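Worksheet: one structure, shown below.
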């Protein structure tokens with residue numbers, strides 16, 4: 002029996018971990034047909050079936066589970082050794098994939114990315130901005146950036162920048178001739194621009210003052226799923242929006258928007274970069290984290 006190659010074993014690990022030929026093929030940079038051929042050849046060489054395949058799903062067989070249990074740590078250690086050897090040999094190379102919200106990626110572009118690319122010109126930086134929260138391991142990302150409250154509990158998380166607030170904002174034109182709300186309950190008397198979350202649910206506006214916490218299901222004729230669009234709609238006089246402060250700040254500075262209920266809008270834990278706790282940290286991600294700390298982008 003000919004011995005499987007390192008490429009064969011990494012291909013199996015990718016498919017087994019992601020349970021998808023499409024995702025594994027994208028991660029490895031090969032076609033799905035080529036990857037399928039590689040796995041079938043591996044199974045023939047080992048004389049056992051490693052994967053259950055249907056038209057809709059992929060799962061690991063009992064033999065595949067046993068192989069993956071031993072293979073995962075071995076390949077992880079080998080990856081680490083090769084990456085460390087490459088970094089000690091000179092220039093850091095590789096690819097770093099980070100997923101985050103639009104606001105999170107924008108913050109990285111402002112605070113870290115220019116210096117990182119200038120220092121590590123051998124690293125390919127792949128940043129993906131999307132509204133929905135994804136499983137970064139399943140989707141093949143090295144790290145993610147989200148609000149701390151949305152980071153999975155089994156992840157290592159470090160702050161990116163300072164704490165932040167959500168602010169209720171409205172245009173002077175909208176507030177003209179009508180009393181501004183002084184308590185969250187008074188939002189029922191106003192047109193509110195509601196937010197639909199990636200899950201499809203409507204976001205309940207959460208306020209806090211002197212230890213009192215209130216969550217309000219606001220009403221309004223307009224619902225959006227993008228903070229920037231919500232800010233623009235509020236600036237156009239379409240109602241009150243509740244958005245992260247960085248989105249509203251330029252409009253507050255030029256007077257296009259005004260805050261309401263500001264004393265009910267305390268600071269919360271802001272954006273955090275997070276990554277798996279049970280895996281080695283790739284050199285490219287470690288360099289990114291170290292630079293964040295060096296630049297003061299993280300106060301951890």
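In this note's numbering, the protein residues as written are 2 to 301. Think of the CB as a built atom: it goes at the ideal place given N, C-alpha and C, for glycine as much as any other residue. Quick caveat, the model's predicted, so the values are computed rather than measured.
Exercise. Just the Cα atoms here: how many angstroms apart are residue 292 and residue 176?
Worked result: Here the C-alpha atom of residue 292 lies approximately 44 Å from the C-alpha atom of residue 176.
Exercise. So the alpha helix (DSSP H) residue 115 belongs to, where does it begin and stop?
Worked result: Its alpha helix (DSSP H) spans residues 114-120.
Exercise. With 16 as the cutoff for other CB atoms within 10 Å, does residue 228 come out buried or exposed?
Worked result: Around the beta carbon of residue 228, 16 or more other beta carbons sit within 10 angstroms, so the residue counts as buried.
Exercise. When burial is assigned at 16 or more other CB atoms within 10 Å of the CB, is residue 162 buried or exposed?
Worked result: The residue is buried, with at least 16 neighbouring Cβ atoms inside 10 Å.
For this session: Put residue 57 into one of helix, strand or coil per three-state DSSP.
Result: Coil, per DSSP.
For this session: Answer yes if the stretch 142-153 comes into contact with the stretch 215-222, meaning at least three C-beta pairs across the two stretches below 8 Å, and no otherwise.
Result: Short answer: they don't touch.
Problem set entry | Nearest-angstrom Cα separation, counted from residue 269 out to residue 102 | The alpha-carbon separation between residue 102 and residue 269 amounts to approximately 17 Å.
Problem set entry | 4 or more residues per run - each alpha helix (DSSP H) lying fully within the stretch 97-155 | Segments of the alpha helix (DSSP H) lying fully in the stretch 97-155: 103-112 and 114-120.
For this session: Go ahead and label residue 38 buried or exposed: buried means 16 or more other beta carbons lie within 10 angstroms of its beta carbon, across all protein chains shown.
Result: Under this definition residue 38 is an exposed residue.
Exercise. Secondary structure at residue 38, three-state DSSP: helix, strand or coil?
Worked result: In the displayed model, residue 38 falls within a helix according to three-state DSSP.
Exercise. Quick one: what's got a C-beta closer than 8 Å to residue 32's C-beta in the same chain, skipping five residues either side?
Worked result: Excluding residues within five positions, the ones whose Cβ falls inside 8 Å are 26.
Exercise. Taking buried to mean at least 16 other C-beta atoms within 10 Å of its own C-beta, is residue 172 buried or exposed?
Worked result: Under this definition residue 172 is a buried residue.
Exercise. Would you say the stretch 57-73 touches the stretch 9-29, given that touching needs at least three Cβ pairs under 8 Å?
Worked result: Yes, the stretch 57-73 touches the stretch 9-29.
Exercise. Is residue 97 near residue 286, with beta carbons less than 8 Å apart?
Worked result: Yes, Cβ-Cβ distance for residue 97 and residue 286 is below 8 Å.
Problem set entry | Three-way DSSP call (helix, strand, coil) for residue 193 in this model | Looking at residue 193 - three-state DSSP - the assignment turns out to be strand.
Problem set entry | First through last residue of the alpha helix (DSSP H) which encompasses residue 230 | Per DSSP, residue 230 belongs to the alpha helix (DSSP H) from 228-236.
Problem set entry | Three-state secondary structure (DSSP) of residue 95 | DSSP places residue 95 in strand when its eight states are reduced to three.
Problem set entry | the stretch 163-170 touching the stretch 232-247, judged by at least three CB pairs closer than 8 Å | The stretch 163-170 and the stretch 232-247 touch, with no fewer than 3 CB-CB distances between them shorter than 8 Å.
For this session: In angstroms with no decimal places, state the Cα-to-Cα distance between residue 289 and residue 211.
Result: Residue 289 and residue 211 have their C-alpha atoms some 39 Å from each other.
For this session: Go ahead and label residue 53 buried or exposed: buried means 16 or more other beta carbons lie within 10 angstroms of its beta carbon, across all protein chains shown.
Result: With fewer than 16 other Cβ atoms within 10 Å, it is exposed.
Problem set entry | beta strand (DSSP E) segment containing residue 305, residue limits | The requested residue 305 does not occur in the structure, where the chain is confined to residues 2 to 301.
For this session: Check whether the Cβ atoms of residue 283 and residue 143 lie closer than 8 Å to each other.
Result: Cβ atoms of residue 283 and residue 143: closer than 8 Å.
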